[in-house]
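*Asks:*
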DNA sequence: CATGAATGAGACTTCATTCAT
DNA sequence: GATGAATGAAGTCTCATTCAT
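Residue numbers (UniProt numbering), protein chains in the order written: chain A, 1 to 213; chain B, 1 to 213; chain C, 1 to 213; chain D, 1 to 213.
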């Protein structure tokens with residue numbers, strides 16, 4: 001069933017395929033990222049040490065520092081990574097949307113799907129009360145927030161919706177999505193549809209609009 | 001309206017005049033708490049060390065351990081302290097409330113007032129992106145959440161409001177309050193009334209109910 | 001023959017004798033200094049590491065840092081120590097002197113005696129070409145130089161000697177003393193008298209005044 | 001006057017036009033030397049690392065090791081370089097000399113000229129108290145010292161001067177030259193003539209012979 | 001109880017050097 | 001011969017915690 005080709009040691013450089021060096025570099029960077037994700041997941045950000053991450057990669061200690069300067073830097077790389085993967089998804093939702101409601105529904109649904117998929121890597125053993133990693137404001141994460149903000153502005157304008165305090169509103173929406181998403185992950189089975197429906201109704205109509213369980 | 005049993009008030013000493021030993025002990029404990037608040041404020045929780053706290057205290061290093069076992073413990077004491085001071089306020093609002101709306105408005109307003117007052121102690125120099133200290137789920141903070149939860153349940157029942165997913169709802173409300181509160185603190189002048197109005201409307205009616213700026 | 005009193009464990013604090021704590025502190029500081037002297041002697045300044053010094057003291061690694069911040073700092077302490085011990089000797093010579101010649105002779109003689117006495121601690125295994133530790137300009141060493149300078153000025157003035165470029169002259173005298181002293185230490189037996197006589201004559205009369213061997 | 005055999009001159013390539021590989025090799029070696037000079041000048045010998053030198057070179061780290069085995073080796077190459085350039089100068093002075101005085105004057109003058117010319121490369125940013133690089137006794141530097149020693153012996157013998165302790169004397173002369181030379185470099189404007197005159201008189205006649213400023 | 005020096009584990013980091021490309 | 005990433009030994013130093021005074 002497997003048809004994975006086993007590459008011979010000597011890299012073929014016919015076209016502009018990267019040489020072996022380049023490939024190990026990429027692999028190492030990824031290995032560090034993976035190890036870091038696992039370690040942060042198990043110990044939480046604070047308790048984790050660079051040492052722990054290194055140990056898990058199997059690389060030499062010095063190698064870590066060829067890629068990242070500190071625990072903080074890997075962490076941000078990790079966070080950015082998530083944000084960077086989410087942005088195109090968000091953009092797609094924006095493009096598909098016809099009005100605010102459809103955008104909101106699509107975005108939240110996409111976010112919850114994303115959360116559920118990422119869940120495994122992050123949720124394991126996180127010390128109670130430790131902050132969700134994406135809570136840190138890396139530039140990439142900030143960009144996502146900004147994008148949400150901008151999308152809201154555009155879509156609401158398109159709807160000829162009356163002006164609101166967009167700063168507060170976007171913050172509140174993100175907060176609702178984050179918190180409900182968090183709670184969603186704690187339930188079994190994980191009910192993305194239900195959670196998304198709740199969050200959307202909450203934002204669009206507040207308490208009276210909430211679904212009856 | 002309220003018949004929730006609270007923890008007993010701090011026992012009042014007969015003559016209200018603690019002996020010397022007692023006074024020193026209380027003073028030391030307070031000194032540590034104050035130093036810790038300042039240090040956490042300046043360095044953030046992670047970067048702060050027990051050493052830093054001790055240094056600022058002026059006490060001997062060993063003395064610290066007569067009061068707290070670790071940085072985490074002081075932090076929790078600090079957080080609990082906030083929660084413990086907020087709980088009676090919350091309780092008062094609960095007692096004054098006549099329906100859900102009045103409770104929500106009162107509670108949020110009280111929370112924002114509380115935030116604004118505490119602001120000074122916490123906000124200074126916090127590294128960008130660091131999590132607000134009250135984000136940690138200490139028992140005392142959890143108790144506040146639980147209390148909100150319970151109060152919501154009672155008040156909504158009293159209103160004969162239709163059932164909702166209280167867990168999601170309370171989480172969402174707290175999230176909105178927290179986030180809008182945070183944003184409020186960033187604006188000058190700090191507008192408690194406006195922020196509270198926004199949060200309440202958001203929760204009660206969602207987007208269509210929001211105030212026009 | 002020995003009448004050294006063995007002090008009981010419990011320190012007697014009748015008068016202001018230092019307690020045990022104080023005494024270990026002094027002892028530790030001295031132990032570090034001694035270890036450092038030995039290590040610098042054996043490995044040279046550059047090759048020596050803080051670790052080496054610690055190892056030799058038998059103290060815990062952290063203890064070192066309770067006393068000195070770095071290798072450099074111990075080194076300077078060591079150098080200062082020498083300078084600090086030499087200054088009173090120099091002063092005495094200054095006070096005994098009746099003219100420049102007697103001061104010069106006394107000072108150089110004292111310096112060479114000092115060198116010879118210190119010799120043992122420093123000379124062992126010093127890598128060829130490594131600089132003599134007193135070559136570093138610590139404040140205390142600078143003070144000795146300044147004192148020589150000042151003494152020269154005073155004594156020459158007292159002699160009604162014609163003005164010379166004191167800066168060059170003092171530097172040259174110190175250089176001669178240092179270098180001849182160094183060479184002196186390499187010979188067996190160490191001939192302090194001969195070396196001092198050479199240096200003094202060199203300074204007072206140059207080549208024609210030198211002793212015939 | 002001189003019949004001292006010197007090391008052979010650098011072999012002149014037949015066509016004076018090195019092949020490409022040869023040119024690169026020479027250029028790299030020189031680049032490393034230049035970078036090292038700069039780095040030692042800026043950081044001092046001890047603080048400087050091979051890394052620093054490589055970085056400044058722009059070469060790959062591995063390349064360094066095709067030329068030198070260690071920081072020490074480059075340093076010695078650098079020092080030797082100075083000594084090697086100075087030796088012919090010294091030799092010329094020796095050949096021109098008619099007696100001790102003329103040799104001494106010529107040699108010191110030449111040394112101070114040399115110092116003043118080299119000054120720029122070395123003096124910049126040298127940490128206070130760090131030793132002048134040529135203080136290290138590399139073989140090539142030792143050779144200069146030995147040559148001074150030998151020249152002194154020959155010239156003094158030629159002068160039918162009475163025997164002196166040549167070892168002390170040469171050491172003292174070098175010390176005076178070094179120290180006065182150092183001080184000379186600190187003054188503005190740099191007065192080579194004055195400094196040389198001072199050093200020569202000091203050696204030839206001691207204090208009474210010094211110039212009045 | 002307060003004190004504060006000693007402890008030593010261990011985190012962080014750099015560096016010289018190697019070696020596959 | 002040039003390259004530059006990987007290596008891992010080793011050094012620096014901090015920190016929480018203990019415990020004799």
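C-beta: ideal position from N, C-alpha, C; glycine also. A quick note: this is a predicted structure, and the numbers were derived from the prediction, not measured.
In angstroms, rounded to a whole number, what distance separates the CA positions of residue 204 of chain B and residue 49 of chain B?
*Replies:* Their backbone Cα atoms lie some 43 Å apart in a straight line.
*Asks:* Taking residue 69 of chain D as the query, report the chain C residues whose CB atoms sit under 9 Å from its CB, ordered along the chain.
*Replies:* Here the premise fails: no neighbours, minimum Cβ distance about 16 Å.
*Asks:* Mind reading off the beta-carbon distance from residue 115 of chain A to residue 181 of chain A? Whole number of angstroms is fine, and I expect it under 8 Å.
*Replies:* Contact flag correct, Cβ pair sits at about 5 Å.
*Asks:* Using 10 angstroms around the beta-carbon of residue 98 of chain A, count the other beta-carbons present and answer buried if the total reaches 16, otherwise exposed.
*Replies:* Exposed, by the Cβ-count rule.
*Asks:* Any C-beta of chain A sitting closer than 8 Å to the C-beta of residue 154 of chain B?
*Replies:* It does not: the Cβ of residue 154 of chain B has no partner Cβ on chain A nearer than 8 Å.
*Asks:* Whose CA, out of B/101, B/96, B/86, lies closest to the CA of residue 112 of chain B?
*Replies:* Among B/101, B/96, B/86, the Cα nearest to that of residue 112 of chain B belongs to B/86.
*Asks:* Give the residues of chain D in contact with residue 171 of chain C, contact being defined as C-beta atoms less than 8 Å apart.
*Replies:* Correct list: 179, 180, 182, 183.
*Asks:* 8 Å is my cut-off, CB to CB: does residue 213 of chain A come that close to chain B?
*Replies:* Taking Cβ atoms only, chain B reaches closer than 8 Å to residue 213 of chain A, which makes this a yes.
*Asks:* Residues in the same chain with beta-carbon distance under 7 Å from residue 211 of chain B, minus the five sequence neighbours each way, listed in chain order, please.
*Replies:* The answer, listed in chain order, is 197, 198, 201.
*Asks:* At a Cβ threshold of 8 Å, is residue 168 of chain D touching chain C?
*Replies:* Judged by the 8 Å Cβ criterion, residue 168 of chain D is in contact with chain C.
*Asks:* Whose C-alpha, out of A/193, A/209, A/108, is nearest the C-alpha of residue 177 of chain A?
*Replies:* Comparing Cα-Cα distances from residue 177 of chain A to each of A/193, A/209, A/108, the minimum goes to A/108.
*Asks:* Kindly indicate if chain A contains any beta-carbon less than 8 Å away from that of residue 191 of chain B.
*Replies:* Closer than 8 Å: no.
*Asks:* Can you tell me whether residue 44 of chain C is helix, strand or coil according to DSSP?
*Replies:* Residue 44 of chain C falls in the helix class under three-state DSSP.
*Asks:* Is any beta-carbon of chain D found at less than 8 Å from that of residue 176 of chain C?
*Replies:* By this cut-off, residue 176 of chain C is an interface position.
*Asks:* Are residue 151 of chain A and residue 75 of chain A closer than 8 Å when you measure CB to CB?
*Replies:* No; because the gap between Cβ atoms is not below 8 Å, this pair is not in contact.
*Asks:* According to DSSP, simplified to helix, strand and coil, what is residue 159 of chain A?
*Replies:* Residue 159 of chain A falls in the coil class under three-state DSSP.
*Asks:* How about residue 64 of chain A and residue 161 of chain A: are their beta carbons less than 8 Å apart?
*Replies:* No; because the gap between Cβ atoms is not below 8 Å, this pair is not in contact.
*Asks:* For residue 174 of chain C, which residues of its own chain have a beta-carbon under 8 Å away from its beta-carbon, when the five flanking residues on both sides are left out?
*Replies:* These residues qualify, in order along the chain: 145, 148.
*Asks:* If you follow the alpha helix (DSSP H) that residue 182 of chain A is part of, which residue opens it and which one closes it?
*Replies:* 166 to 186 is the extent of the alpha helix (DSSP H) around residue 182 of chain A.
*Asks:* Given that residue 215 of chain D touches chain C, what residues does it touch there, using C-beta distances under 7 Å?
*Replies:* The question about residue 215 of chain D has no answer here: the residues shown for chain D are numbered 1 through 213.
*Asks:* Let me make sure I understand the geometry here. Which of B/186, B/73, B/143 has the alpha-carbon closest to that of residue 119 of chain B?
*Replies:* Cα-wise, what sits closest to residue 119 of chain B is B/186.
*Asks:* Under 8 Å by Cβ, that's how I've got residue 206 of chain B and residue 206 of chain A pegged, so tell me the actual separation to the nearest angstrom.
*Replies:* That belief holds up - the Cβ atoms of residue 206 of chain B and residue 206 of chain A are roughly 4 Å apart, short of 8 Å.
*Asks:* Can you tell me whether residue 82 of chain C is buried or exposed, with buried defined as 16 or more other CB within 10 angstroms of its CB?
*Replies:* By the 10 Å Cβ count, residue 82 of chain C comes out buried.
*Asks:* Check for me: the alpha helix (DSSP H) holding residue 63 of chain A runs from which residue to which?
*Replies:* Where residue 63 of chain A is concerned, the enclosing alpha helix (DSSP H) stretches over 61 to 67.
*Asks:* When the Cα of residue 154 of chain A is compared with those of A/170, A/60, A/22, A/56, which residue comes out closest?
*Replies:* Minimum Cα distance to residue 154 of chain A is reached at A/170.
*Asks:* Kindly list, in the order they appear in chain B, the residues whose Cβ is closer than 9 Å to that of residue 163 of chain A.
*Replies:* Per Cβ cutoff of 9 Å: 212, 213.
*Asks:* So, is residue 92 of chain A buried or exposed, given that buried needs 16 or more other C-beta atoms within 10 angstroms?
*Replies:* Exposed, because fewer than 16 other Cβ atoms sit within 10 Å of the Cβ of residue 92 of chain A.
*Asks:* My output table needs one value for residue 77 of chain A: the three-state DSSP class, helix, strand or coil.
*Replies:* Three-state DSSP puts residue 77 of chain A in a helix.
*Asks:* If the cut is a Cβ gap below 7 Å, which residues of chain A does residue 198 of chain B touch?
*Replies:* What residue 198 of chain B touches in chain A: 165, 168.
*Asks:* Which bits of chain A does residue 46 of chain B rub up against, with CB to CB less than 8 Å?
*Replies:* Near residue 46 of chain B (Cβ distances below 8 Å), the residues of chain A are 45, 46.
*Asks:* Relative to the C-alpha of residue 67 of chain B, which candidate in B/30, B/45, B/192 has its C-alpha closest?
*Replies:* With distances taken between Cα atoms, residue 67 of chain B lies closest to B/30.
*Asks:* Near residue 194 of chain C, which residues of its chain fall below 6 Å by C-beta distance, leaving aside the five closest residues on each side in sequence?
*Replies:* So no residue of the chain qualifies.
*Asks:* Kindly indicate if chain A contains any beta-carbon less than 8 Å away from that of residue 53 of chain B.
*Replies:* No - not a single Cβ of chain A is within 8 Å of the one on residue 53 of chain B.
*Asks:* Our contact map puts residue 165 of chain A next to residue 213 of chain B with C-beta atoms below 8 Å; I'd like the distance itself, whole angstroms only.
*Replies:* Sure, about 5 Å apart at Cβ, within 8 Å.
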